[in-house]
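So for the sequence shown, numbering that gives the first Met the number 0 puts the first residue at 0; every next one is plus one. Glycine included, every Cβ here is placed at the ideal spot set by N, Cα and C. Quantities reported herein were computed from a predicted structural model and do not represent experimental measurements. Heads up, the thing below is written out as structure tokens.
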Amino acid sequence: MKNVYVTRRARFNAAHKLWNDDWSHAKNLEVFGKCANPNWHGHNYELHVTIKGQPASETGYCMDLKDLRDLIKVHVEDPLDHRNLNMDVPWMKGVLTSTENLIIAIWEQLEAPIAETGCHLHHLRLYETENNYADYYGGE
Ligand code: NI
0 MKNVYVTRRA RFNAAHKLWN DDWSHAKNLE VFGKCANPNW HGHNYELHVT IKGQPASETG
60 YCMDLKDLRD LIKVHVEDPL DHRNLNMDVP WMKGVLTSTE NLIIAIWEQL EAPIAETGCH
120 LHHLRLYETE NNYADYYGGE
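Shown next, in the form of structure tokens:
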């Protein structure tokens with residue numbers, strides 16, 4: 000088995016705020032600081048999607064990256080780009096919109112469609128800022 004890991008980068012811009020409805024206004028500001036700004040703030044997110052597969056003899060590809068690009072567009076960019084993560088995204092409803100929770104939710108959107116192509120989603124990396132990012136490999 001000669002597995003190769005292939006990565007496609009995607010970018011989207013979105014607004015959010017970190018806010019726990021179970022807490023007081025004061026506690027939200029204390030814990031989340033500027034991230035709890037009531038009138039939202041935005042990020043230029045960058046997502047790295049890594050699939051795992053073996054190069055097919057006919058193409059040399061693990062997966063046609065045009066197909067991966069299209070899956071990311073439909074399942075991630077279209078629902079998230081220029082949206083408010085707290086209000087506009089059904090699959091983020093009721094979830095704190097941290098990078099950690101967002102990357103898990105994105106995994107759940109992409110895993111099955113990628114599996115349908117015969118490839119495996121291996122790893123996601125989601126940058127919220129240049130300096131802050133999260134990694135997720137699925138599972139626990
Ligand atoms: Ni933020």
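Check, Outcome
"Let me know if asparagine 85 comes out buried or exposed under the rule of 16 or more other beta-carbons within 10 Å of its beta-carbon.", "buried"
"Using CA atoms only, rank isn't needed, just tell me which of Lys51, Asn12, Glu129 is closest to valine 153.", "Here the chain covers residues 0 to 139 and nothing more, so residue 153 does not appear."
"Give me, in chain order, the residues of the same chain whose beta-carbon lies closer than 8 Å to that of tryptophan 106; leave out the 5 immediate sequence neighbours on both sides.", "Leu120, Leu123, Tyr135, Gly137"
"Check whether the Cβ atoms of glutamate 140 and alanine 13 lie closer than 7 Å to each other.", "Because the chain in this structure spans residues 0 to 139, residue 140 falls outside the shown range and cannot be described."
"Check for me: the alpha helix (DSSP H) holding valine 30 runs from which residue to which?", "24-31"
"Which of helix, strand or coil does DSSP assign to lysine 1?", "coil"
"Starting from glutamate 45, follow its DSSP beta bridges and name the residues at the other end.", "Arg10, Tyr126"
"Can you tell which of Trp90, Ala114, Ile113, Val73 has its C-alpha closest to the C-alpha of isoleucine 103?", "Trp90"
"In whole angstroms, what is the alpha-carbon distance linking aspartate 20 and valine 30?", "13 Å"
"Starting from alanine 133, trace the alpha helix (DSSP H) both ways and give me its first and last residue.", "Segment 132-135 is the beta strand (DSSP E) holding alanine 133; no alpha helix (DSSP H) there."
"Which ranges does the alpha helix (DSSP H) cover as unbroken runs of at least 4 residues, wholly within the segment 59-112, from first to last along the chain?", "64-71"
"Looking only at C-alpha atoms, which of Asp80, His24, Glu139, Met62 sits nearest to valine 5?", "Met62"
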